[in-house]
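Trainee:
Residue numbers (UniProt numbering): 1 to 452.
(1) Helix, strand or coil: which one does DSSP assign to residue 188?
(2) Can you round the beta-carbon distance between residue 304 and residue 277 to whole angstroms, since I take them to be within the 8 Å contact cut?
(3) Does the stretch 37-52 come within contact of the stretch 177-189, defined as at least 3 CB pairs closer than 8 Å?
(4) Identify the continuous beta strand (DSSP E) that holds residue 360 and give its terminal residues.
(5) Consult DSSP for residue 331 and reduce its assignment to one of helix, strand or coil.
(6) From the DSSP output, in three-state form, read off residue 435 for me.
(7) Quick check on residue 402: buried or exposed, where buried means 16 or more other Cβ atoms within 10 Å of its Cβ?
(8) Out of 327, 249, 188 and 265, which has the shortest C-alpha to C-alpha gap to residue 291?
(9) By the DSSP assignment, the beta strand (DSSP E) with residue 18 in it spans what residues?
(10) Quick check on DSSP: helix, strand or coil for residue 58?
(11) Can you give me the C-alpha to C-alpha distance between residue 264 and residue 242, rounded to a whole angstrom?
(12) Could you tell me the boundaries of the alpha helix (DSSP H) in which residue 130 lies?
(13) Under the three-state reduction of DSSP, which class applies to residue 4: helix, strand or coil?
(14) Can you name, in chain order, every residue of its own chain whose Cβ lies under 6 Å from the Cβ of residue 12, other than the five neighbours on each side?
(15) Going by beta carbon distance, what residues of the same chain come within less than 7 Å of residue 359, once the five residues before and after it are set aside?
(16) Do you know offhand how far residue 211's Cα is from residue 348's?
(17) Pairing CB atoms from the stretch 382-396 with CB atoms from the stretch 153-169, are three or more of them under 8 Å?
(18) Counting Cβ pairs closer than 8 Å, one from the stretch 124-140 and one from the stretch 250-257, do we hit at least three?
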């Protein structure tokens, strides 16, 4: 029986990303923009068998499928655009929840003041949606860490959902800002405070980095000046790849809990880098990678990673690759073993069988085959170090701090968040250098225990 996931989009970035994600999976499951199934659009059994993970079937004159989704924001602009846009007939009207004033790029407004006034309405909607599920497996949160709503209201929702549903899984797709795409000066504060919350309250966090996305769009996809829509379309492909095993019939990682058990060796180290292949310009589609070896070569190349971290700067704790299309499982297994043997120094030696592969026969839209890499790599600490350095240079001068303290925050909260991030970086570095005979790595309870 499929187990449901409720998706929560928060803030401008989260809602734009949510729209791109739903557009992508509508096509893959053969649904039109109002949620009705298009006969003859593909293999009906594959498309509909696990559709209830992300969609609820509603009756009426014609059966249609409605996303298990909530769109929340502290200002109305983006939500109004979605209501008036291509997907206007897809969502239930009561799942759009917004305030008027916005969070002014301030975590404290999203978490303590403006967001606190909106959060109960969002939680009520979540309760209604959970009542429409048979066996809820968890939630996915789409947000950015740089803005006030995505970071502040996102963190508040995360902690409230964790409080109310402690035994359900929480996955997040978190956009980490970069100077290349945004120019908001307080992003380092928002990012650090939100990351502090993710360490404590998320089970799985996919780090999506604007800097890497910008490079992918310009260097691989040959877009001269990438827009937010270009960046979101790349992320939507990756999210579709990431959720393939959740949405289509298969064996491995068929729900969020199994994914976490296989991928997270220690509870705090749940920040994943994701890679995708093929990423090519539209005019080069005819020459894109379509066999396993070519896909793998691209996947483990840092240019195909959606986070600005260099895999060579750390070690893989665990990896999982979801292939799609008419590929051979034997080729996949052979290629995976070959890569592992050739690059054994890139993987920690003390987690046996730390590379997993799975195949879904349903190809992605517009390409015969694709592969999505989910990597728990210690090199992700580079991203946190970058944020930490930006944070320290501002916090030392107490720059812009009054905007946060005026909303009720205490300086101690910044210090606590900074120390948590520094601990996280140290943990990643410690496990990168741990050897197979080290007993230290087991001291913290070694293995993660998730109840099935």
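Every residue gets a Cβ at the ideal spot worked out from N, C-alpha and C, and that includes glycine.
Mentor: Checking against the coordinates, here is how it stands:
(1) helix
(2) 6 Å
(3) no
(4) 355-360
(5) helix
(6) coil
(7) exposed
(8) 327
(9) From DSSP, residue 18 is part of no beta strand (DSSP E) but of the alpha helix (DSSP H) over 11-28.
(10) strand
(11) 16 Å
(12) 114-131
(13) strand
(14) 78
(15) 323, 327, 329 and 332
(16) 27 Å
(17) no
(18) yes
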